[in-house]
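Notes follow once the structure below has been shown.
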């Protein structure tokens, strides 16, 4: 395309129209926006004798073969190379709206009646690296994996910008929700860590107090603090004050 852009700087009238025809026939050239924006082509679009050439360039930039057929009476006739290229670009456009393209849909859109001819065209389109996918002959469809982007139509830039803006706003809302959930998790984790630390501290203090009191550790301290009786070696029950009293199985000495 670079060489054509250089030539377009000095092309006027019929020479510019011929340059457009050469570009549309050139193998490997599938993007045309830069050429459409050159002053020579813009000037040519205002020339009634060659306005059809510019319109044809627009169809190759963002139109389809079906669009060409609808306007064919007002446009230059396509060569075999141009017809093939516009059909390939049409496959790219269809691939952007659906990842599964039935053969019947492609045949109607490309005006191809023979399945073998259709499959050959798809295969050649994949060789051009403008679309990737697999032919499913059993299901009679073309399964698209990815496709190149085509030039934007006039006004489509604003539409795309609106879509991207909405996507950005939605993404920001999702990020805010994630941040809020993360903050809640951090607060909860901090609270749990503090509670655990306080529990372990209180447990350590209790162990130290029990160790200092001696005489049986935590269990003895518990019984003494709560006033529980326990029996000494002589079978006498010792009360909270340390006094001794008869157990059920003992008898008073005569």
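Numbering (this note's numbering), first residue to last: -15 to 238.
All residues carry an ideal CB built from backbone N, CA and C; glycine is no exception.
Keep in mind that this is a model prediction, so the values were computed, not measured.
State the CB to CB distance for the pair residue 88 and residue 115, rounded to an integer number of angstroms; the pair is presumed to be in contact (CB under 8 Å). For the purposes of this step, residue 88 is identified with residue 104 of the chain shown, where counting begins at 1. For the purposes of this step, residue 115 is identified with residue 131 of the chain shown, where counting begins at 1. With a Cβ gap of about 19 Å, residue 88 and residue 115 do not count as contacting.
Tell me residue 116's beta-bridge partners as DSSP assigns them. Within the chain shown, the letter at position 132 stands for residue 116. In DSSP, residue 116 forms a bridge with 130.
With distances taken Cα to Cα, identify the nearest neighbour of residue 91 among 32, 117, 49. Position 107 of the chain shown, counting from 1, holds the residue named residue 91. The shortest C-alpha separation from residue 91 is found at 49.
Report yes if the CB atom of residue 25 is closer than 9 Å to the CB atom of residue 41, and no otherwise. Counting from one through the chain shown, the residue named residue 25 turns up at place 41. Counting from one through the chain shown, the residue named residue 41 turns up at place 57. In this structure, the beta-carbon distance from residue 25 to residue 41 falls below 9 Å.
Go ahead and pull the three-state DSSP assignment for residue -8. Stepping through the chain shown from its first residue, residue -8 is reached at position 8. Three-state result, residue -8: helix.
What's the C-alpha gap between residue 187 and residue 196? Reading the chain shown from its first residue, position 203 is the one you call residue 187. Reading the chain shown from its first residue, position 212 is the one you call residue 196. Taking the straight line joining both Cα atoms gives about 14 Å.
Element boundaries [beta strand (DSSP E), containing residue 84]: For the purposes of this step, residue 84 is identified with residue 100 of the chain shown, where counting begins at 1. That run of the beta strand (DSSP E) goes 84 to 86.
4 or more residues per run - each alpha helix (DSSP H) lying fully within the stretch 24 to 61: 35 to 46, 49 to 55
Taking the alpha-carbon positions, what's the residue 34 to residue 75 distance? Residue 34 sits at position 50 when you count from the first residue of the chain shown. Residue 75 sits at position 91 when you count from the first residue of the chain shown. Approximately 28 Å between the Cα atoms of the pair.
Quick test of your reading: residue 28 and residue 13, contact by CB under 8 Å. State the CB separation rounded to the nearest angstrom. Walking along the chain shown from the start, residue 28 turns up at place 44. Walking along the chain shown from the start, residue 13 turns up at place 29. That pair is no contact at about 18 Å.
Look at the alpha carbon of residue 194 and the alpha carbon of residue 173, and state the distance between them as a whole number of angstroms. By one-based count along the chain shown, residue 194 stands at place 210. By one-based count along the chain shown, residue 173 stands at place 189. The alpha-carbon atoms of residue 194 and residue 173 are separated by roughly 32 Å.
Compute the beta-carbon to beta-carbon distance between residue 73 and residue 134, rounded to the nearest angstrom, for a pair I have assumed lies under 8 Å. As a position in the chain shown, residue 73 is number 89, starting the count at 1. As a position in the chain shown, residue 134 is number 150, starting the count at 1. The pair is a contact, with the Cβ atoms about 7 Å apart (cut-off 8 Å).
8 Å contact criterion, which residue -1 and residue 22 should meet: CB distance rounded: One-based indexing of the chain shown puts residue -1 at position 15. One-based indexing of the chain shown puts residue 22 at position 38. Contact doesn't hold; Cβ gap of about 13 Å is too wide.
To the nearest angstrom, report how far apart residue 191 and residue 175 are at their CA atoms. The residue given as residue 191 occupies position 207 in the chain shown. The residue given as residue 175 occupies position 191 in the chain shown. Approximately 24 Å, taken between the alpha carbons.
Going by C-alpha distance, which of 85, 82, 44 is nearest residue 66? Indexing the chain shown from 1 puts residue 66 at position 82. Here the closest residue by C-alpha is 44.
Reference residue 127; option with closest CA among 19, -13, 84, 103: Start at 1 with the first residue of the chain shown, and residue 127 comes out as number 143. Selected option, being the one with the closest Cα: 84.
Please go through the same chain and pick out, in chain order, the residues whose beta-carbon is closer than 7 Å to the beta-carbon of residue 58, but skip the five residues on each side of it. For the purposes of this step, residue 58 is taken as the residue at position 74 of the chain shown. For residue 58, where only same-chain residues beyond five positions count, the Cβ hits under 7 Å are 36.
Can you name the start and end residues of the alpha helix (DSSP H) that residue 135 belongs to? Locating residue 135 in the chain shown gives position 151, where the first residue counts as 1. Per DSSP, residue 135 belongs to no alpha helix (DSSP H) and is neither H nor E.
Would you mind reading off the limits of the alpha helix (DSSP H) that contains residue 9? Residue numbering aside, residue 9 sits at position 25 when the chain shown is read from its first letter. From DSSP, the alpha helix (DSSP H) with residue 9 extends over -3 to 9.
How many angstroms separate the CA atom of residue -4 from the CA atom of residue 47? By 1-based counting over the chain shown, the position of residue -4 is 12. By 1-based counting over the chain shown, the position of residue 47 is 63. When rounded, the distance between both Cα atoms is 25 Å.
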